[in-house]
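Every position in the sequence shown, counted from 1, becomes a number in the numbering used here once 54 is added.
Backbone N, C-alpha and C fix where the C-beta goes; we use that ideal spot for every residue, glycine too.
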Amino acid sequence: MSEAAGSPAPAAAAGKRTAAVGVVIPTLNEAGQLPGLLEDLDLLQLAADVVVADGGSADDTVAVAQAAGARVVGSNPGRAAQMNAGAARAAGDWLCFLHADVRVPAAARQELERAVSAGAEAAVWGFSIDASGFWPRFMEVGTYLRDRLGGLPYGDQGLLVRRDLFDAVGGFPEIALMEDVALVRALKRRTRLERLAAPLLVSPRRWQREGPYRTWLRNSALMAAYLAGAGPDRLARFYPPERP
């Protein structure tokens, strides 16, 4: 059974007290994608408290998470609300936020472990799209340039942040879109955002479903509009909900 959103945080539960990092995964009908990520996290060499923050899945997401040993926290739907709910209940001095459709290969796990051991305050991975051909490499280069030049990674790149810093900036703003960008901007006002050397492996499903170049143009336009001051609620009308 999942933990109710309003129930006391079980951060001191047996077996979780020594967790170095709380890994928070927001989900909504992710039974097909979640097992691979949970398998990767099970191979971490550091102590991790894996919390799946579910927004009301109608499939087997909750059962899949519990079968893999993850804790499940129920939340109102919405990625920011779910990640905040998961963070409130995850144990660890660091918080790691990952989308359900990413994989954390060995090199990326090692980078996470190194960053925690080194006391990093905030860090993100790059990403590699799990597909062959020209368009995935084009998207990866575009993401790399945007990240390097603008310093604004997307949620697909994951986020590692010290809990005290996450709390200090108020967590994810619970807005309809760009919650990841808004949080990173708040973090950058307080610390340097480290880039981890090894990438996450990202599912190509949204690009494949919506068309890679159309998706890239839309996302670029939405980012530009947001940075120019457009409201997240208005922008969310142009960003279709994710589907498994």
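Could you spell out where the alpha helix (DSSP H) holding residue i opens and where it closes?
i                 : result
valine 118        : 115 to 121
proline 258       : Neither: proline 258 is in no alpha helix (DSSP H) and is coded neither H nor E.
phenylalanine 292 : Premise fails: phenylalanine 292 is in no alpha helix (DSSP H) and is neither H nor E.
phenylalanine 220 : 217 to 222
alanine 162       : 160 to 172
aspartate 21      : This structure leaves residue 21 out entirely; the chain is present only between 55 and 298.
alanine 278       : 266 to 281
alanine 141       : 133 to 143
Answer yes or no: do residue i and residue j have a C-beta to C-beta separation smaller than 7 Å?
i                 : j             : result
phenylalanine 226 : alanine 134   : yes
asparagine 83     : aspartate 108 : no
glutamine 87      : aspartate 155 : yes
leucine 92        : alanine 122   : yes
aspartate 184     : proline 258   : yes
phenylalanine 192 : proline 253   : no
alanine 177       : glutamate 248 : yes
If residue i and residue j are in contact, beta carbons under 8 Å, what's the gap, nearest whole angstrom?
i             : j           : result
valine 104    : valine 77   : 5 Å
aspartate 210 : valine 256  : 5 Å
aspartate 231 : leucine 271 : Here residue 231 is leucine; the residue named in the question, aspartate, does not match the sequence. Actually they do not touch by this definition, with Cβ atoms about 16 Å apart.
glycine 140   : proline 89  : Actually they are not in contact, since the Cβ atoms of glycine 140 and proline 89 sit about 18 Å apart, beyond 8 Å.
Taking the beta carbon of residue i as the centre, do at least 16 other beta carbons fall within 10 Å, making it buried, or is it exposed?
i             : result
proline 207   : buried
aspartate 94  : buried
glutamate 233 : buried
arginine 216  : buried
alanine 160   : exposed
valine 118    : buried
valine 223    : buried
tyrosine 267  : exposed
arginine 125  : buried
Give the range of the beta strand (DSSP E) segment to which residue i is assigned.
i             : result
leucine 95    : Unbroken run through leucine 95 is the alpha helix (DSSP H), 88 to 96; no beta strand (DSSP E).
valine 78     : 75 to 81
serine 129    : Unbroken run through serine 129: none, as it is neither H nor E.
leucine 182   : This sequence places serine at residue 182; leucine is not what is there. 181 to 183 is the extent of the beta strand (DSSP E) around serine 182.
leucine 149   : 148 to 151
alanine 177   : 176 to 178
aspartate 103 : 102 to 108
The ligand HEM and residue i: does any heavy atom of the ligand fall closer than 6 Å to the residue's C-beta?
i          : result
serine 274 : Ligands are entirely absent from the displayed structure, and the ligand HEM is therefore not among its contents.
Check your understanding: Does the region 154 to 170 come close enough to the region 227 to 246 to have 3 or more Cβ pairs within less than 8 Å?
Key -> no
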